[in-house]
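A short write-up of the structure that comes next.
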Amino acid sequence: MYKGILHSHYLVVVLFLLIYVIKTILLLSNKNELLVKFSKKIKILEIIVSTLFLVSGIYLSTQLPLGGKYDYLFWVKIIMVFLAIPIAVIGFKKSSKILAASSLLLITVSFGISEVYSNRKGERKEIIKNELVQNDGKSLYESNCASCHGSNGKLCLAGAKDLTATLLDLSAINKIILEGRGLMSAVNVNREQANKIAEFVNGNIKGH
Ligand code: HEC
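Numbers in my numbering are just positions in the sequence shown, counted from 1, shifted up by 24.
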């Protein structure tokens with residue numbers, strides 16, 4: 025649903041921009057008669073496109089995962105769009121080239137901002153994904169334990185014990201991770217991560 029609306033919004037915005045560009049070019053090149061004819065012809069289409077543009081835009085903005093570093097870009101974009109619309113209406117009504125051109129500029133820049141914004145959001149998703157991957161028991165084990173115990177648990181570096189042969193249960197493993205024991209010092213992970221590692225060791229290494 026979200027994806028579908030996002031794509032429709034994109035399409036509608038491109039159409040909207042296209043109509044705008046044509047109208048502005050006509051105005052700027054003094055083709056006023058043609059501009060009137062063109063505006064009349066596409067009046068209905070323009071109303072449909074603008075309505076879809078706003079409706080899909082409003083829907084999408086309610087679905088936005090706010091709280092990121094680049095959210096201000098979103099607000100800049102919204103302000104520009106809402107500035108551009110009345111400027112355009114007045115500009116075309118008064119046949120003011122400056123107003124029509126500035127409105128088109130605003131819309132185009134805000135379109136560019138959306139592009140940058142969604143790319144950044146893509147980066148953000150990528151980061152979140154990486155965090156997820158590195159937070160599973162296996163990855164946490166690899167980065168915190170394998171240096172002494174080995175990926176398979178059998179490496180006994182620095183006096184480490186063979187984890188495949190351990191008799192400890194889940195909570196005892198958990199405790200050693202958080203508090204250390206003898207030659208093994210506590211590992212610098214939080215409780216949640218310690219649980220994940222302990223589960224991984226208990227289920228995938230112990231007895232294997
Ligand atoms: C710097 C090396 C090192 C690292 C890193 C390390 N260990 Fe150890 N581990 C040891 C040593 C040494 C012992 C033996 C401790 C002792 O003297 O009782 C040990 C013992 C253990 C034991 C007890 C085994 C038994 O049957 O008595 C468990 C379980 C264990 N480690 C799990 C882990 C886990 C899980 C991690 C990662 C979160 C980890 N260790 C990281 C060195 C390490």
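Glycine included, each C-beta is placed from N, C-alpha and C at the ideal position.
Near ligand 2: residue i beta-carbon under 8 Å from a heavy atom
{"i": "Ser209", "result": "As presented, the structure is devoid of ligand 2, carrying ligand 1 as its sole ligands."}
Contact set for residue i: own chain, Cβ-Cβ below 6 Å, skip 5 residues either direction
{"i": "Ser134", "result": "Lys101, Met104 and Val105"}
{"i": "Gly177", "result": "Leu187, Thr188 and Ile229"}
{"i": "Phe224", "result": "Gly161, Lys162 and Tyr165"}
heavy atom of ligand 1 below 8 Å from residue i C-beta
{"i": "Gly206", "result": "yes"}
{"i": "Asn168", "result": "yes"}
{"i": "Leu164", "result": "yes"}
{"i": "Ser171", "result": "yes"}
{"i": "Gly28", "result": "no"}
{"i": "Leu194", "result": "no"}
{"i": "Val140", "result": "no"}
{"i": "Gly231", "result": "no"}
{"i": "Gly227", "result": "no"}
{"i": "Lys185", "result": "yes"}
{"i": "Ala218", "result": "yes"}
{"i": "Val213", "result": "yes"}
{"i": "Ala222", "result": "yes"}
{"i": "Ala182", "result": "yes"}
{"i": "Ala108", "result": "no"}
{"i": "Leu191", "result": "yes"}
Residue i, enclosing alpha helix (DSSP H) - first and last residue
{"i": "Ile102", "result": "Asp95 to Lys117"}
{"i": "Gln87", "result": "From DSSP, Gln87 is part of no alpha helix (DSSP H); its letter is neither H nor E."}
{"i": "Cys172", "result": "Ala170 to His173"}
{"i": "Ala189", "result": "Counting along the chain, Ala189 falls outside any alpha helix (DSSP H), and DSSP gives it neither H nor E."}
{"i": "Ile46", "result": "Tyr26 to Leu52"}
{"i": "Asn56", "result": "Asn56 to Lys65"}
{"i": "Asn219", "result": "Arg215 to Phe224"}
Burial state of residue i, where buried means 16 or more other Cβ atoms lie within 10 Å
{"i": "Ser127", "result": "buried"}
{"i": "Tyr96", "result": "exposed"}
{"i": "Val60", "result": "exposed"}
{"i": "Lys67", "result": "exposed"}
{"i": "Gln217", "result": "buried"}
{"i": "Leu69", "result": "exposed"}
{"i": "Thr75", "result": "exposed"}
{"i": "Lys47", "result": "buried"}
{"i": "Ile201", "result": "buried"}
{"i": "Leu42", "result": "exposed"}
{"i": "Gly136", "result": "exposed"}
{"i": "Leu123", "result": "buried"}
Same chain, Cβ closer than 7 Å to residue i, five either side skipped, listed in chain order
{"i": "His173", "result": "Leu179, Ala184 and Leu187"}
{"i": "Val45", "result": "Leu128"}
Chain C contact for residue i (CB, 9 Å cutoff)
{"i": "Val79", "result": "This model lacks chain C altogether, as it is built from one protein chain only."}
Own chain, CB closer than 8 Å to residue i, minus 5 neighbours either side, in chain order
{"i": "Lys220", "result": "Asn159, Asp160, Gly161 and Leu164"}
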